[in-house]
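Numbering (this note's numbering), first residue to last: 156 to 435. Let me begin by presenting the structure, written as C-alpha cells, before commenting on it.
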C-alpha cells in the first residue's frame, strides 16, 4: 500500500506540470505566432549502481543492468509543435507572416548582462526612432529585429513605405523617394526539442546544449545566400497561434480526471492501512 501511495504521489506532481502546460497554451491562444507544447508520459525508471551482485537473481529482468523500474509516471517530453497557425489579414505593411512551418524571425534580447539572439513567429513589427534622423525595425516589445547577418535593420526615420519582395527582402522607401533594401533575418529550426520558450513569445537555446553534445548550428540554420529562395513569407498578414482550444479543453478534463483518480487512490490506500492496523 505504501507503493500505491508513492506511485500516486509521484504521478500527481507530473500531472500538475501537464496542467500548467495546458494553461500556458490556453492563455496564448490569441498570441500571434505562438507554438503550443504537448506533453507525453512514460514509466519512471531509477538508476542504481552495483545494486545486484548475484547474476542468477537477474534472470528474467525487464530493464537493463543498473536500471530499475520506479513508481508512477513521469512527464517524459514537452514537445514544441511547429504546425502552421491560421493567417489573418491586417492590411498593415509592417505585418509579416511566415508560411513555412520551421522558419522563424530573429530578434535580439537581453539575457542577463549580455545579449542573445531569440527566435519568433510573431511578425508584427514597428518603427522605433534611434536619433540622428534614423529609425530601427523592432517587435512589439521593442526588441531589435535582425537581418541575415544579425545586424540591426536601420533606415531613415522619414520612411514612407515598406514593401516585401522575393526571398524576404524588405524595401524601405523614404519621403524623398530613396530606397534601402534589407534581407530580413530568418532561420530554419532543425531540432525544435533543444529550444526553450522565453517571455515575449520568443524561443532560444536550452542552457545545457553542451552537456547534450549538440551545437547551436545543429538546432537552427541561418537562411542566407541562395537558400533564401526557400523563404516563404507574406505581407499585410499575421499568423495566429496553433493552439486548438477544443483539444486543450479536452486534455484539461482528462488531466483533472486522472488527478482525481490518483488522489482517490491515496485516500483508499490510507483507509486500507487503517483497516490493517486495526486487525487484532
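Using N, Cα and C, we set each Cβ at its ideal position, and we do this for glycine too. A quick note: this is a predicted structure, and the numbers were derived from the prediction, not measured.
Q.
What does DSSP give as the partner residue(s) for residue 386 in the beta ladder?
A. According to DSSP, residue 386 bridges with nothing at all.
- Message: Taking contact to mean 3 or more Cβ pairs, one atom from each stretch, closer than 8 Å, check whether the stretch 365 to 378 and the stretch 402 to 411 are in contact.
- Response: Taking one beta carbon from each stretch, the stretch 365 to 378 and the stretch 402 to 411 have fewer than 3 pairs nearer than 8 Å; the two do not touch.
**Message:** Could you give the first and the last residue of the continuous beta strand (DSSP E) run that contains residue 376?
**Reply:** From DSSP, the beta strand (DSSP E) with residue 376 extends over 375 to 377.
If you draw a straight line from the alpha carbon of residue 421 to that of residue 159, how long is it in whole angstroms?
Residue 421 and residue 159 have their C-alpha atoms roughly 7 Å apart.
Exercise for review: Write down the C-beta distance between residue 250 and residue 278 rounded to the nearest angstrom, noting that I regard them as a contact closer than 8 Å.
Suggested key: That belief holds up - the Cβ atoms of residue 250 and residue 278 are roughly 6 Å apart, short of 8 Å.
Among the residues of its own chain, which have a CB less than 8 Å from the CB of residue 426, if the five just before and after it don't count? Closer than 8 Å at Cβ, skipping near neighbours: no residue.
Worksheet entry | Top-ranked residue by Cα proximity to residue 259, from 402, 431 and 378 | Cα-wise, what sits closest to residue 259 is 378.
Decide if residue 176 is buried, meaning its Cβ has at least 16 other Cβ atoms within 10 Å, or exposed.
Residue environment analysis places residue 176 among the buried positions, since at least 16 neighbouring C-beta atoms fall within 10 angstroms of its C-beta.
Hey, quick one: how far does the alpha helix (DSSP H) through residue 410 stretch, first residue to last?
Per DSSP, the unbroken alpha helix (DSSP H) holding residue 410 starts and ends at 400 to 433.
| task | Would you decide whether residue 254 is buried or exposed? Buried here means 16 or more other CB atoms lie within 10 Å of its CB. | result | Counting every other CB atom within 10 Å of its CB across the protein chains shown gives residue 254 a total below 16, marking it as exposed.
(request) Taking all protein chains shown into account, decide if residue 331 is buried (16 or more other Cβ within 10 angstroms of its Cβ) or exposed. (result) It is exposed - the Cβ of residue 331 has fewer than 16 other Cβ atoms within 10 Å.
Worksheet entry | Other residues of its chain near residue 417: CB distance less than 6 Å, five sequence neighbours each side excluded | 163, 166 and 167.
query: To the nearest angstrom, how far is it from the Cα of residue 334 to the Cα of residue 305?
result: Residue 334 and residue 305 have their C-alpha atoms roughly 21 Å apart.
Checklist entry - To which residues does DSSP link residue 350 through a beta bridge? => result For residue 350, which the question treats as bridged, DSSP gives the partners 360.
Exercise. Secondary structure at residue 193, three-state DSSP: helix, strand or coil?
Worked result: DSSP places residue 193 within a strand segment (E or B) once states are collapsed to three.
| query | Of the choices 265, 188 and 193, whose alpha-carbon is the least far from that of residue 404? | reply | Comparing Cα-Cα distances from residue 404 to each of 265, 188 and 193, the minimum goes to 193.
Nearest-angstrom Cα distance between residue 288 and residue 329?
Roughly 12 Å separates the two Cα atoms.
Discussion item. Distance check for residue 347 and residue 365, CA to CA, integer angstroms please.
Written reply: In this structure, the straight-line span from the alpha carbon of residue 365 to that of residue 347 is close to 16 Å.
Same chain, Cβ closer than 6 Å to residue 314, five either side skipped, listed in chain order: Excluding positions up to five away in sequence, the list reads 327 and 329.
| task | Quick one: grab the DSSP three-state call for residue 178. | result | Residue 178: helix per DSSP, three-state reduction.
Review point. Excluding sequence positions up to five away, which residues of its chain have a Cβ less than 6 Å from the Cβ of residue 297?
Key: Taking C-beta separations shorter than 6 Å and ignoring five residues to either side along the sequence, residue 297 has no partners in its chain.
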